[in-house]
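**Q** For the sequence shown, the positions run 341 to 634 when our numbering is used. Note that beta-carbon positions come from the ideal geometry of N, C-alpha and C, so glycine has one too. Sharing a structure here in structure tokens format.
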Amino acid sequence: MTDALPPHFKPLAGEPDPRAQAIGVFDSGVGGLSVLLALRKELPLERFVYIADSGHAPYGERHDAHVIDRSRAIARYLVAHHRVKALVVACNTATAAAIRLLRQDFPDIPIIGIEPALKPAAALSKTRRIGVMATRGTLQSEKFSALLASLKDQATFILQPCDGLASAIERSDAIKTIASCAYSTRAMGQFGSDPDNIDTLVLGCTHYPFASDELRTLVGDHVTFVECGTPVARQARRLLAANNWLMQEELPGVEPVEPAHPIYFGTTGNAQVLQAAALRWLKLDIDAHSLKIN
Ligand code: DGL
Numbered sequence: 341m342t343d344a345l346p347p348h349f350k351p352l353a354g355e356p357d358p359r360a361q362a363i364g365v366f367d368s369g370v371g372g373l374s375v376l377l378a379l380r381k382e383l384p385l386e387r388f389v390y391i392a393d394s395g396h397a398p399y400g401e402r403h404d405a406h407v408i409d410r411s412r413a414i415a416r417y418l419v420a421h422h423r424v425k426a427l428v429v430a431c432n433t434a435t436a437a438a439i440r441l442l443r444q445d446f447p448d449i450p451i452i453g454i455e456p457a458l459k460p461a462a463a464l465s466k467t468r469r470i471g472v473m474a475t476r477g478t479l480q481s482e483k484f485s486a487l488l489a490s491l492k493d494q495a496t497f498i499l500q501p502c503d504g505l506a507s508a509i510e511r512s513d514a515i516k517t518i519a520s521c522a523y524s525t526r527a528m529g530q531f532g533s534d535p536d537n538i539d540t541l542v543l544g545c546t547h548y549p550f551a552s553d554e555l556r557t558l559v560g561d562h563v564t565f566v567e568c569g570t571p572v573a574r575q576a577r578r579l580l581a582a583n584n585w586l587m588q589e590e591l592p593g594v595e596p597v598e599p600a601h602p603i604y605f606g607t608t609g610n611a612q613v614l615q616a617a618a619l620r621w622l623k624l625d626i627d628a629h630s631l632k633i634n
């Protein structure tokens, strides 16, 4: 943990007012920016600290122990250095492996996780055939198995571990992204609106919304994509409101006004990668801080 905090994020002297503190958001890399986008829409007056653990990614193809260690280290960093008032685990893989332990470690702040949106997909699908793209780690987790078991009577879920896709998106490697999406969609079967087609596709990793255009080209216009950024942002609002910890009265759906509430961006990987991703996906020209978080 080497980086000095910029002045506007220095904790206030004495006990800080939780309402004025930032919300911490982290992912194994740039994927959580898809969740940050939804959070900023839902909570335009809040401050955020975003950490990309790109130096230790991908999470989805590693052992649980690695994902747990990294998630705990980042949560500790966010609480100790930024005194965050809430933590959003903007990563399906980390949520599956570590959220229970994070809630034990930090019982005093709301911790919001993300999981593949199987339930909303089951409600939307007409053919009751649903594709689920996620990391191997997420699909093999107990948490996911329990979710799947609870919905097994409602639809057929075709599970597709997408090795390498998050890394390709992370590196902005367009050729590998298209190849990986093509492989995965072909492996899942026929997409479309006919009775035996997959008509709904769950993007069960926060990196995958950034491959939506490639996926759309492959599966056609009649397939509904389901992701979780907006429900996660709403849940964050609900929990903060219940504690009376919202910055002030927020208007949901109002676009954030630049540069009212700067976001602190940190990465354990290459700062330029995070900067380029923030510019591309969030339209934000940022300075990302290089961090060592152990
Ligand atoms: N973005 C992460 C998720 O939502 C995983 C990417 C990775 O494998 O590191 O699962």
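Quick one: Cα of valine 375 to Cα of aspartate 536, how far?
**A** Translated into positions along the sequence shown, residue 375 becomes position 35. Translated into positions along the sequence shown, residue 536 becomes position 196. Cα-Cα distance, rounded: 32 angstroms.
**Q** Whose C-alpha, out of Arg469, Ala378, Pro447, is nearest the C-alpha of glutamine 494?
**A** Here residue 494 refers to the residue found at position 154 when the sequence shown is read from its first residue. Ranking the options by Cα distance to glutamine 494, first place goes to Arg469.
**Q** Can you tell me where the beta strand (DSSP E) with isoleucine 363 in it begins and where it stops?
**A** Along the sequence shown, read from residue 1 onward, the residue named residue 363 stands at position 23. Start and end: 363-367.
**Q** Can you give the Cα-Cα distance for histidine 396 and arginine 578, rounded to whole angstroms?
**A** In the sequence shown, the residue the question calls residue 396 occupies position 56. In the sequence shown, the residue the question calls residue 578 occupies position 238. Going by the C-alpha atoms only, they are around 31 angstroms apart.
**Q** Note down, in chain order, each residue of its chain lying with its Cβ closer than 6 angstroms to the Cβ of alanine 508, except the 5 sequence neighbours on either side.
**A** Within the sequence shown, residue 508 is the residue found at index 168, counting from 1. If we look at alanine 508 and ignore the five residues flanking it on each side, its Cβ neighbours are Lys516, Thr517, Ser520.
**Q** Run through the region 379-453 for me and flag every whole beta strand (DSSP E) of 3 or more residues, listed as ranges in chain order.
**A** Within the region 379-453, the complete beta strand (DSSP E) runs of at least 3 residues are 388-392, 426-429.
**Q** In the DSSP assignment, find the alpha helix (DSSP H) that holds leucine 491 and state where it starts and stops.
**A** Here residue 491 is taken as the residue at index 151 of the sequence shown, counted from 1. Note, leucine 491: premise wrong, no alpha helix (DSSP H); not H, not E.
**Q** Nearest-angstrom Cα distance between arginine 476 and threonine 557?
**A** Taking the first residue of the sequence shown as position 1, residue 476 is located at position 136. Taking the first residue of the sequence shown as position 1, residue 557 is located at position 217. C-alpha separation (whole angstroms): 24 angstroms.
**Q** Taking all protein chains shown into account, decide if glutamate 482 is buried (16 or more other Cβ within 10 angstroms of its Cβ) or exposed.
**A** For the purposes of this step, residue 482 is identified with residue 142 of the sequence shown, where counting begins at 1. So glutamate 482 counts as exposed.
**Q** For proline 450, collect the residues of the same chain with a Cβ closer than 6 angstroms to its Cβ; drop the 5 residues on either side in sequence, then sort them by chain order.
**A** Within the sequence shown, the letter at position 110 stands for residue 450. Here the set comprises Ala426, Leu579.
**Q** Do alanine 430 and glycine 372 come within 7 angstroms of each other at the CB atom, strictly closer than that value?
**A** Here residue 372 refers to the residue found at position 32 of the sequence shown. Here residue 430 refers to the residue found at position 90 of the sequence shown. In contact: glycine 372 and alanine 430 (Cβ atoms closer than 7 angstroms).
**Q** Pick from Lys466, Glu510, Val542, Gln530: whose alpha carbon is nearest that of leucine 499?
**A** Walking along the sequence shown from the start, residue 499 turns up at place 159. For leucine 499, the nearest C-alpha among the options comes from Val542.
**Q** Is there at least one non-hydrogen atom of ligand 1 closer than 6 angstroms to the beta-carbon of alanine 438?
**A** For the purposes of this step, residue 438 is identified with residue 98 of the sequence shown, where counting begins at 1. Result no, Cβ not under 6 angstroms from ligand 1.
**Q** With H, G and I counted as helix, E and B as strand and the rest as coil, what does DSSP make of methionine 528?
**A** Taking the first residue of the sequence shown as 1, we reach residue 528 at position 188. In this structure, methionine 528 counts as helix in the three-state DSSP scheme.
**Q** Report buried or exposed for aspartate 448, applying the criterion of at least 16 other Cβ atoms within 10 angstroms of its Cβ.
**A** Position 108 of the sequence shown, counted from the first residue, corresponds to residue 448. Exposed: under 16 other Cβ atoms inside 10 Å.
**Q** Are the beta-carbon atoms belonging to threonine 564 and threonine 546 less than 7 angstroms from one another?
**A** Residue mapping note: residue 564 aligns to position 224 of the sequence shown, counting from 1. Residue mapping note: residue 546 aligns to position 206 of the sequence shown, counting from 1. No, Cβ-Cβ distance for threonine 564 and threonine 546 is not below 7 angstroms.
**Q** When the Cα atoms are used, what is the spatial distance from alanine 489 to threonine 496?
**A** Locating residue 489 in the sequence shown gives position 149, where the first residue counts as 1. Locating residue 496 in the sequence shown gives position 156, where the first residue counts as 1. Between alanine 489 and threonine 496, the C-alpha separation is close to 11 angstroms.
**Q** Which of the three DSSP states is assigned to valine 563 in this structure?
**A** On the sequence shown, position 223 is the one that residue 563 refers to. Valine 563: coil per DSSP, three-state reduction.
**Q** Enumerate in chain order the residues of its own chain whose CB-to-CB distance from proline 358 is below 7 angstroms, with the five nearest sequence positions on each side excluded.
**A** Numbered from 1 along the sequence shown, position 18 holds the residue referred to as residue 358. Excluding residues within five positions, the ones whose Cβ falls inside 7 angstroms are Lys425, Trp585.
**Q** Should arginine 390 be counted as a contact of ligand 1 given a C-beta to heavy atom distance under 6 angstroms?
**A** Working through the sequence shown from its first residue, we reach residue 390 at position 50. Note that residue 390 is tyrosine in the sequence shown here, rather than arginine. False, no ligand heavy atom lies under 6 angstroms from that Cβ.
**Q** My understanding is that alanine 378 touches valine 572, with C-beta atoms under 8 angstroms, so please give their C-beta distance in whole angstroms.
**A** Along the sequence shown, one-based indexing puts residue 378 at 38. Along the sequence shown, one-based indexing puts residue 572 at 232. So it is a contact: roughly 7 angstroms between Cβ atoms.
**Q** For the alpha helix (DSSP H) containing threonine 607, list its first residue and its last residue.
**A** Translated into positions along the sequence shown, residue 607 becomes position 267. Element bounds for threonine 607: not the alpha helix (DSSP H) but the beta strand (DSSP E), 603-607.
**Q** Check whether the Cβ atoms of alanine 576 and valine 428 sit closer than 7 angstroms, and answer yes or no.
**A** Reading the sequence shown from its first residue, position 236 is the one you call residue 576. Reading the sequence shown from its first residue, position 88 is the one you call residue 428. A contact, by the Cβ cut-off of 7 angstroms.
**Q** Consult DSSP for isoleucine 518 and reduce its assignment to one of helix, strand or coil.
**A** Taking the first residue of the sequence shown as 1, we reach residue 518 at position 178. Three-state DSSP puts isoleucine 518 in a helix.
**Q** Quick one: is the Cβ of aspartate 367 within less than 6 angstroms of any heavy atom of ligand 1?
**A** As a first step, residue 367 is located in the sequence shown; it is residue number 27 there, counting from the start. The answer is yes for aspartate 367.
**Q** Is isoleucine 633 closer than 7 angstroms to tyrosine 417 when the C-beta atoms are compared?
**A** Sequence index remark: in the sequence shown, residue 417 carries index 77 (1-based). Sequence index remark: in the sequence shown, residue 633 carries index 293 (1-based). Yes.
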